[in-house]
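J.: What follows is a single structure, and I will ask about it in a moment.
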Amino acid sequence: MADDAAPTSRDYRETVFLPDTPFPMRAGLPVKEPEILARWEDLYARLRAERQARGAPLFVLHDGPPYANGAIHIGHALQKTLKDFVVRSRFALGYDVDYVPGWDCHGLPIEWKIEEELRAQGRRKEDVSKAEFRERCRAYAAQWIEVQKAGFKRLGVLGDWDNRYATMDYASEAAIVAEFHKFVVSGQLYRGSKPVMWSPVERTALADAEVEYHDHNSPTVWVKFPVVEGPQAADHASVVIWTTTPWTLPANRAIAFSPEIAYAVYEVEAMETGLDFEPWAKAGDRLILADARAADVAAAAKIARWRRVEDVDPSGMVCRHPLAALDDHYGFSVPLLSGDHVTDDAGTGFVHTAPGHGVDDYLVWLAHGHREIPETVDADGAYLPHVALFGGLKVLEPEGKTAGKFGPANGAVMEKLVEAGNLLARGRLEHSYPHSWRSKAPVIFRNTPQWFIRMDEAVDTPELKGATLRETALKAIAATAFYPEAGRNRIRSMVEGRPDWLISRQRAWGAPLAMFVDKETHQPLVDPEVNRRIVAAILTRGADAWFTEPSESFLGGHDPARFEKVEDILDVWFDSGSTHAFTLEGRENTRWPADLYLEGSDQHRGWFQSSLLESAGTRGRAPYEAVMTHGFTVDENGEKMSKSKGNTLEPDTVIRESGAEILRLWAAMVDYAEDQRIGKTILATTTDAYRKLRNTLRYLLGALAGFSDAERVEPAEMPPLERYILHRLHELDGQVREAYGRYSFQDVARPLTEFCQTDLSALFFDIRRDALYCDPPDSLKRRAARTVMDLVFERLTIWLAPLIPFTMEEAWTTRFPEAGSNCLRIFPDTPASWRHPAEAARWAKVQAVTSVVMGALEAERREKRLGGPLEAAPVVHVTDADILAAFEGLDPAEVFRTSQGTLMSGAGPQGAFALAEIPGVWVEPRKAEGRKCARSWRILPEVGQDPRYPDLSLRDAEAVAAWDAGHG
């Protein structure tokens with residue numbers, strides 16, 4: 007049994023080597039971070055200068071430009087933080103890193119904002135000059151660039167902020183136009199009249215990347231086209247079509263069918279009765295449709311009974327337009343054309359074909375030798391005046407409170423079909439429909455002249471070497487690394503199936519398609535001197551020069567009367583897709599192509615793809631070696647964030663309340679390749695993980711107070727525990743370097759967090775606490791522990807610096823205030839001699855036994871038979887010789903954190919504590935015998951044996967004697 011310690015008048019606390027550090031437990035990040043940022047003001051420039059002086063290899067991260075409109079949101083915060091992880095980790099790995107932040111400035115969202123400002127002043131866009139309008143757009147974008155820049159810098163993002171790029175800079179606009187001219191000169195550009203997705207609300211064509219799909223409720227109609235040529239004409243049969251866009255019927259020019267589908271004539275014999283309306287079908291009607299669709303058509307038309315009359319081959323058949331009886335405008339013939347796109351999965355097995363309002367319609371029309379594409383709808387979404395019966399009616403409302411809603415056109419067409427006797431049935435359908443991703447309003451397919459870049463025509467230039475743009479782009483995708491790998495398939499499938507690149511827009515705020523078109527040949531003017539003058543003017547006066555200066559100033563000796571000056575603007579994706587040309591080329595200390603592009607996964611159809619196509623078309627390869635993508639940020643329930651739901655989380659709020667470091671650690675610990683969840687509960691968990699990391703650093707700093715090189719112990723002289731921690735450092739060094747190399751930041755943050763909690767706090771610190779506090783300063787065990795702690799601190803502070811740089815900077819400068827910024831450091835080499843697999847195997851066995859001991863002591867505490875572990879003297883019985891061997895050279899009491907401890911070979915006695923998951927180990931949780939040391943609190947029989955210190959153990963007596971000698 008333990009005796010009480012002998013009474014003493016001395017307070018030994020001053021002789022205990024307790025951790026001592028000014029590094030606070032409470033981080034105070036919202037206050038501390040801005041102080042550190044002030045010291046980092048020129049950090050990026052210092053880093054580049056230092057790395058270049060070393061002759062470091064260059065790494066180029068090209069910034070995908072955010073749009074200069076509004077404060078940063080949580081998605082921005084994630085993306086820019088991931089980019090900063092890349093930049094800082096590459097610096098720490100010894101690279102010279104080029105990263106120039108940029109902004110996308112042109113486009114519709116800013117135009118809308120300026121139009122709103124004008125309306126608030128009682129003015130319309132049409133009331134101001136294009137120059138004034140563009141200047142307002144420029145000022146608006148410039149304002150938000152500064153706001154966003156401040157937000158990104160507050161996150162701790164390193165970059166060349168003083169030399170940021172923006173697509174609206176004069177030099178950028180000139181470079182964009184110069185890139186456009188390359189497509190003109192190479193013959194890849196053409197003007198085509200074809201149906202494109204058109205937004206009446208925005209009054210411009212949209213590319214595929216600018217369209218998203220939402221559920222929409224549309225009217226559906228089954229319409230009869232009377233047969234006028236073919237065997238069924240004499241029987242007054244009608245071909246039946248089905249469509250969800252009745253408004254396109256005035257533009258109908260044909261009906262498509264498939265030779266693979268079985269068609270037949272069905273004669274109506276009886277209609278359903280007891281209805282509250284009279285069906286449009288009548289007994290005796292003869293209807294031609296696919297056999298597979300007959301039952302559904304009969305149900306829609308309320309046909310009670312009909313009979314299948316005969317098979318039908320639609321080849322060569324001609325119909326009359328269903329509105330022909332109402333107006334001669336529709337007196338043309340409607341041929342039936344075979345098409346591969348026709349199926350009998352829905353509708354009637356026939357496809358109403360309006361070549362001006364659908365891609366398939368357009369292609370099948372051209373495939374059968376037709377060239378005339380009717381134009382029926384204007385830029386505002388209204389029928390053109392020449393469209394009989396419907397001129398001026400709106401398909402979509404372009405403005406006002408009803409903007410984006412379907413207008414009266416659908417209803418008017420259905421009424422006229424009823425009047426003509428050719429509406430068979432109607433209904434409604436919920437289906438996926440294209441919408442503008444900016445305005446969220448529905449779009450329509452509309453035939454309009456636009457400029458395109460060819461995807462499938464061989465290009466005889468030195469860059470493409472006779473290949474098509476599609477072939478070149480697909481080859482570049484195969485040569486690019488993707489993180490995650492799934493990104494390759496995603497962008498490849500998009501490039502494989504995409505149409506020609508629509509690059510013209512009918513708006514004001516953007517880089518122009520700065521070229522002239524010959525009015526006679528309708529071909530672009532290709533003259534290097536004209537192009538040179540255009541680019542020079544834009545370089546000095548901005549894109550406004552193209553719109554304000556007369557054609558004569560560019561054309562030189564060419565006759566202005568012969569040439570049309572194109573005033574469309576370029577697709578903003580062409581703008582951002584050209585950023586590599588003016589950010590990576592022509593600048594010092596960088597190179598083309600970039601090592602990495604990093605954006606959200608939606609950019610496979612956006613910036614990644616537009617950059618790929620632009621570069622492949624002008625340089626024959628991708629502008630990047632690798633592409634990294636992240637998922638979207640959602641709330642804690644996995645739902646998309648929106649202000650209407652009230653589930654948004656603003657970065658500024660998190661930074662103000664908790665600090666940017668918490669956001670950064672969250673970003674480091676999530677799997678960015680998937681959608682990431684964030685919210686108060688998740689951030690609370692992140693804060694807890696941060697607190698544990700910070701406490702590890704605080705403990706290291708305190709325990710290392712006064713450490714010097716004179717104290718160091720060589721690894722060969724260290725005890726087994728220290729050699730094990732060195733082994734873990736060796737393992738982690740390889741893991742950290744490899745994870746940063748493949749941009750897997752989660753595989754840095756999580757293993758290091760686990761190392762701090764498990765190997766350091768729960769094992770190394772816990773076991774060595776007694777030696778650190780109570781051993782004499784010259785104790786080998788204490789010196790070895792502090793040597794290893796120094797090596798741990800040296801590595802943790804740089805390994806974690808890319809992820810949580812504020813805290814690592816604070817820790818490093820707390821210990822080494824004159825050593826300069828922690829961010830300037832490079833990962834230190836880790837000697838191969840630190841690798842000790844045998845120690846790892848030993849400590850796996852030791853910790854297994856320790857877990858049984860801890861279980862036994864916990865059971866004793868619950869029963870109030872023991873207090874703390876220092877009251878215990880466990881006797882451990884082990885049957886496995888390898889486990890016993892693992893304890894050679896170790897003090898069981900030290901390992902178990904008890905005052906005494908004994909290991910014995912063999913099975914434990916009846917009633918000894920055991921754990922089923924760790925067989926062959928039993929524990930007798932005995933109480934320690936002896937007296938309690940007044941300094942270390944260990945209970946030992948030896949306490950009092952040194953007469954100088956009758957209340958201390960022998961070890962503590964020697965330590966105090968040394969302390970007394972050193973303090974007079």
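Each residue of the sequence shown is one higher than the one before, counting from 7 in the working numbering.
Cβ atoms here follow ideal geometry from the backbone N, Cα and C, with glycine treated the same way.
Between which two residues does the beta strand (DSSP E) holding Arg625 run?
T.: It is not in any beta strand (DSSP E) - Arg625 instead sits in the alpha helix (DSSP H) that spans Trp613 to Arg625.
J.: Identify every residue that forms a DSSP beta bridge with Ser199.
T.: Paired residue(s): Pro455.
J.: Taking DSSP as the reference, what is the three-state secondary structure of Trp109?
T.: Note: Trp109 maps to strand in three-state DSSP.
J.: On the three-state DSSP scale, how would you describe Glu573?
T.: In the structure shown, Glu573 sits in coil (DSSP, three-state: anything other than H, G, I, E or B).
J.: At the level of alpha carbons, what is the spacing between Ser785 and Arg941?
T.: Each residue's alpha carbon lies about 17 Å from the other.
J.: Go ahead and pull the three-state DSSP assignment for Gly165.
T.: Correct three-state label for Gly165: coil.
J.: Could you tell me which of Thr624, His220 and Gly747 sits nearest to Glu436, measuring between CA atoms?
T.: Answer by Cα proximity: His220.
J.: Could you give the first and the last residue of the continuous alpha helix (DSSP H) run that contains Trp286?
T.: From DSSP, Trp286 is part of no alpha helix (DSSP H); its letter is neither H nor E.
J.: Out of Thr250, Glu316, Phe356 and Thr279, which has the shortest C-alpha to C-alpha gap to Arg299?
T.: It is Phe356.
J.: Between the segment 182-190 and the segment 113-127, do three or more beta carbon pairs fall short of 8 Å?
T.: With a cut-off of 8 Å, the segment 113-127 and the segment 182-190 do not count as touching, because too few Cβ pairs lie within range.
J.: Going along the chain, which unbroken runs of the alpha helix (DSSP H) with 4 or more residues stay wholly within the segment 772-843?
T.: Those alpha helix (DSSP H) runs which fall completely within the segment 772-843 and span 4+ residues are 772-780, 786-805 and 811-821.
J.: Check whether the Cβ atoms of Lys938 and Ala879 lie closer than 8 Å to each other.
T.: Going by C-beta atoms, Lys938 is not nearer than 8 Å to Ala879.
J.: Determine the DSSP secondary structure at Tyr678, reduced to helix, strand or coil.
T.: Here Tyr678 sits in coil by DSSP.
J.: Considering only residues of the same chain and omitting the five flanking positions on each side of Arg662, which have a CB-CB separation below 7 Å?
T.: Excluding sequence neighbours, Arg662 sits near Pro36.
J.: Would you call the segment 598-618 and the segment 626-637 touching, i.e. three or more CB-CB distances under 8 Å?
T.: Touching, yes, given that three or more Cβ pairs across the two stretches are closer than 8 Å.
J.: Quick check: the Cα distance between Leu830 and Leu590, rounded to an integer number of angstroms?
T.: Cα to Cα, the separation comes out at about 24 Å.
J.: Determine whether the beta carbon atoms of Val660 and Ile668 lie at a separation below 8 Å.
T.: Taking 8 Å as the Cβ cut-off, Val660 and Ile668 qualify as a contacting pair.
J.: Hey, out of Ala431, Leu402, Arg511 and Arg326, whose CA is closest to Asn258's CA?
T.: Closest by alpha carbon: Arg326.
J.: Give, in chain order, every unbroken run of the alpha helix (DSSP H) that is at least 4 residues long and sits entirely within the segment 485-522.
T.: As far as the segment 485-522 is concerned, its whole alpha helix (DSSP H) runs of at least 4 residues are 492-503.
J.: Would you call the CB atoms of Ile151 and Trp109 closer than 8 Å?
T.: It is a contact, given that the beta carbons lie within the stated cut-off.
J.: Could you work out which residue in Asp69, Lys411, Leu402 and Leu281 is closest to Lys86 when comparing CA atoms only?
T.: Ranking Asp69, Lys411, Leu402 and Leu281 by Cα distance to Lys86 puts Asp69 first.
J.: Leaving out five residues on either side along the sequence, give the residues of the same chain with a beta carbon under 6 Å from the beta carbon of Gly4.
T.: Any property of residue 4 remains undetermined from this structure, which presents the chain solely from 7 to 974.
J.: Exposed or buried, what is Val424 when buried is set at 16 or more other beta-carbons lying within 10 Å of its beta-carbon?
T.: That one is exposed.
J.: Let's see if you can read the secondary structure: which residues bound the alpha helix (DSSP H) around Trp46?
T.: Segment: none, Trp46 is in no alpha helix (DSSP H) and carries neither H nor E.
J.: Can you tell me whether DSSP reads Ser767 as helix, strand or coil?
T.: Helix.
J.: Buried or exposed: where does Gln194 fall if 16 or more other Cβ atoms within 10 Å of its Cβ makes it buried?
T.: It is buried - the Cβ of Gln194 has at least 16 other Cβ atoms within 10 Å.
J.: Starting from the C-beta of Met7, find all residues in its chain whose C-beta is less than 6 Å away, skip the five residues before and the five after it, and write them out in chain order.
T.: Its pLDDT being 41, under 50, Met7 is placed unreliably in this model, and the coordinates cannot settle the point.
J.: Go ahead and label Gln609 buried or exposed: buried means 16 or more other beta carbons lie within 10 angstroms of its beta carbon, across all protein chains shown.
T.: Buried, because 16 or more other Cβ atoms sit within 10 Å of the Cβ of Gln609.
J.: So, Val92 versus Gly165, is the Cβ gap smaller than 8 Å?
T.: No, Cβ-Cβ distance for Val92 and Gly165 is not below 8 Å.
J.: DSSP state of Ile309, grouped into three classes?
T.: Looking at Ile309 - three-state DSSP - the assignment turns out to be strand.
J.: Looking only at its own chain, which residues have a Cβ that is under 7 Å from the Cβ of Arg944, when we skip the five neighbours before and after it?
T.: Same-chain partners within the cutoff: Leu876, Ser905 and Ser959.
J.: Could you tell me if Pro361 is buried or exposed, where buried requires 16 or more neighbouring beta carbons within 10 angstroms of its beta carbon?
T.: Buried, by the Cβ-count rule.
J.: Taking C-beta to C-beta, are Val929 and Ala913 nearer than 8 Å?
T.: No. Outside cutoff.
J.: Alpha carbons only, please: which of Val640, Ala352, Glu900 and Trp46 is nearest the one belonging to Ala684?
T.: The amino acid occupying residue 684 in the given sequence is Ile; Ala does not appear at that position. Closest option to Ile684, Cα to Cα, is Val640.
J.: Determine the direct distance from the alpha carbon of Leu896 to that of Gln741, and round the result to whole angstroms.
T.: Gln741 and Leu896: Cα-Cα distance of roughly 29 Å.
J.: If you check the beta carbons only, do Gly81 and Phe638 fall under 8 Å apart?
T.: Contact flag set, yes.
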